[in-house]
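K.L.:
If you read the protein sequences in the order shown, they are chains A and B.
Residues in the first sequence are numbered from 1 upward in steps of one, following the numbering used here.
Residues in the second sequence are numbered from 1 upward in steps of one, following the numbering used here.
For glycine and all other residues, C-beta sits at the position ideal for the given N, C-alpha and C.
Everything numeric in this text was worked out from a predicted model, so none of it was measured.
Let me give you the structure first, and then I'll get to my questions.
Protein chains: 2
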Amino acid sequence: MTKSRAQTTQKKQQASSTPQGPCPMPSIARLIGGKWKLIILQILIFNGTKRFNELRRSIDGITQTMLTNQLRALEADGLIARRIYPEVPPRVEYSATARAMDLQDMFLAMHKWWVDGEKGGDNP
Amino acid sequence: MTKSRAQTTQKKQQASSTPQGPCPMPSIARLIGGKWKLIILQILIFNGTKRFNELRRSIDGITQTMLTNQLRALEADGLIARRIYPEVPPRVEYSATARAMDLQDMFLAMHKWWVDGEKGGDNP
DNA sequence: AACAATAGTATCAATTTTCGTACTACGTAC
DNA sequence: GTACGTAGTACGAAAATTGATACTATTGTT
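Structural data, given as structure tokens:
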């Protein structure tokens, strides 16, 4: 099924509640879950704006279909901005939005956790 | 397919490399990806040890099949400890391991990010 | 005897995610 | 004329994830 651009991928939230309101983990799982979203976001957040094939070459194993799908979903969720230059051949640039840039702490925490695990030999 | 207990779910890592070594994002995606793992881990990390049906009742929409599957996978990855008491009816307790407890910063960063998004009206 | 709780297992089905491959139009290089 | 790069589209297939449902043995309660 082809979704129109900018249509949210998120369904009505059914997360259990906490005193601070609905628990965000199911929503966050939908936003950054899947095989490729974390690495795409990490690249755009920490390495800046990239074009389609730069991303494709940076990510081992991803297909162009999947890259397109994931970029569209991330754009729909407001985490990526897509900028088209009216040129030939086509030039399209992808950037992390401000909202995505605010995920830096999460990525740093993940990375630190992994590195600590490497040192302790605890990583799966 | 039924996996034996404690057998890792992780396939050979194919992540692209960084100057600091292989990029951990694909591995982290496999560890905490999927629909239910984040919320299971969050509950066990922040609310302490739970039994099976306590978890089941805490999480809206999860089926017993999925809860069992996800607990097994998390245990296999060393993020959850499962303790069986030889009682009738059965008493099984699930806890976050030390390794999982080290994910608190990641969860706090995620939660803060979401709460900031709620305030700014930016959440999908 | 019936019901409930416990923590699942087993099996099949449904849904979602990911992949594979052929194709597109244009400009440039050879 | 052919090949390449660009950033995809289209469509069907495969794989993975998630769900639905019936069932299990034991104890305790009514």
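Can you tell me whether Lys119 (chain A) is helix, strand or coil according to DSSP?
P.N.:
Correct three-state label for Lys119 (chain A): helix.
K.L.:
Output needed for Met101 (chain B): all residues of its chain with C-beta closer than 8 Å, excluding positions within five of it in sequence on either side, in chain order.
P.N.:
Same-chain partners within the cutoff: Ile45.
K.L.:
Does any residue of chain A have a CB that is nearer than 7 Å to the CB of Lys119 (chain B)?
P.N.:
No, Lys119 (chain B) does not count as interfacial toward chain A.
K.L.:
Between Asn123 (chain B) and the rest of its own chain, which residues show a CB-CB distance below 6 Å, the 5 nearest in sequence each way excluded?
P.N.:
Cβ neighbours of Asn123 (chain B) beyond the five flanking positions: Gly117.
K.L.:
So, does the CB of Pro24 (chain A) fall closer than 7 Å to a CB anywhere in chain B?
P.N.:
Yes, its Cβ sits closer than 7 Å to a Cβ of chain B.
K.L.:
What does Arg99 (chain B) reach in chain A if we use C-beta pairs closer than 8 Å?
P.N.:
Residues of chain A passing the Cβ test: Gly117, Asp122.
K.L.:
Measure from the alpha carbon of Ala81 (chain B) to the alpha carbon of each residue in B:Ala98, B:Ile62, B:Arg30, B:Asp105, then state which is nearest.
P.N.:
Per the Cα distances, B:Ala98.
K.L.:
Could you name the residues of chain B that Ala109 (chain A) contacts, counting a contact when the two beta carbons are closer than 7 Å?
P.N.:
The contacting residues are Asp105, Met106, Ala109.
K.L.:
Kindly list, in the order they appear in chain B, the residues whose Cβ is closer than 9 Å to that of Lys35 (chain A).
P.N.:
Result: Pro26, Ala29, Arg30, Gly33.
K.L.:
Please classify Pro26 (chain B) as buried or exposed, where buried requires at least 16 other C-beta atoms within 10 Å of its C-beta.
P.N.:
The residue in question, Pro26 (chain B), is buried, as its Cβ has 16 or more Cβ neighbours within 10 Å.
K.L.:
Anything in chain B within Cβ reach of Gln42 (chain A), meaning under 8 Å, just list it in chain order.
P.N.:
Neighbours of Gln42 (chain A) on chain B, chain order: Cys23, Met25.
K.L.:
Just checking my contact of Leu41 (chain B) with Ala76 (chain B) at CB under 8 Å: how many whole Å lie between their CB atoms?
P.N.:
Wrong, their Cβ atoms sit about 14 Å apart, outside the cutoff.
K.L.:
Is there a C-beta anywhere in chain A that falls below 7 Å from the one on Ile39 (chain B)?
P.N.:
Judged by the 7 Å Cβ criterion, Ile39 (chain B) is in contact with chain A.
K.L.:
Tell me the residue span of the alpha helix (DSSP H) that contains Glu75 (chain A).
P.N.:
Where Glu75 (chain A) is concerned, the enclosing alpha helix (DSSP H) stretches over 64-76.
K.L.:
Tell me whether Met106 (chain A) sits in a helix, a strand or coil according to DSSP, three-state version.
P.N.:
In the structure shown, Met106 (chain A) sits in a helix (DSSP, three-state: H, G or I).
K.L.:
Distance, Cα to Cα, Leu79 (chain B) vs Ile84 (chain A)?
P.N.:
Straight-line Cα distance between these residues: approximately 43 Å.
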